[in-house]
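Take 684 as the starting number for the sequence shown in my numbering and just add one per residue.
For glycine and all other residues, C-beta sits at the position ideal for the given N, C-alpha and C.
Only a predicted model underlies this, so the values are computations on that prediction, with no experimental measurement involved.
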Amino acid sequence: MRGVRWSRDAQADVATIDDEFDKIDPNTASRVGTSAVNAARFLADYPGAGPAVPNTRLRKWRVAGTPYILLYRLADDDLFIVRVIHVARDRQQFL
Numbered sequence: 684m685r686g687v688r689w690s691r692d693a694q695a696d697v698a699t700i701d702d703e704f705d706k707i708d709p710n711t712a713s714r715v716g717t718s719a720v721n722a723a724r725f726l727a728d729y730p731g732a733g734p735a736v737p738n739t740r741l742r743k744w745r746v747a748g749t750p751y752i753l754l755y756r757l758a759d760d761d762l763f764i765v766r767v768i769h770v771a772r773d774r775q776q777f778l
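Structural data, given as structure tokens:
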């Protein structure tokens, strides 16, 4: 299994998501965070599973049971999570 690294932006994304959901339902906040980590672990084992983002070195993966996707790339021997964004957001601003 590859290692998983999270960019500062991705870490900030997860913290913001956690804060937003924690105000509504702490259980949902925990579930979303756990799902994101599980998705990253899966991608560490199967990095080609997510479709390529055209004209970039990035791939994307939907976090199961949530409205979020991971934008990621391979960096050395690790999986590098670049951003965690809501599917309704304009992804172009993150590329």
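| Check | Outcome |
| --- | --- |
| Can you tell me which of V687, G686 and V746 puts its alpha carbon nearest to the alpha carbon of I768? | V746 |
| Determine whether the beta carbon atoms of S718 and F763 lie at a separation below 8 Å. | no |
| Report yes if the CB atom of A727 is closer than 8 Å to the CB atom of R685, and no otherwise. | yes |
| Given 7 Å as the limit, tell me if D705 has its C-beta closer than that to any heavy atom belonging to the ligand ZN. | No copy of the ligand ZN appears in this structure; indeed no ligand is present at all. |
| Looking at A758 and R714, is the spacing between their C-beta atoms short of 8 Å? | no |
| Which same chain residues end up closer than 7 Å to D701 when comparing Cβ atoms and leaving out the 5 residues on each side of it in sequence? | A712 and G716 |
| Using the C-alpha atoms, what's the distance from I752 back to A710? | The residue you asked about is not Ala; residue 710 is Asn in the sequence shown. Approximately 20 Å between the Cα atoms of the pair. |
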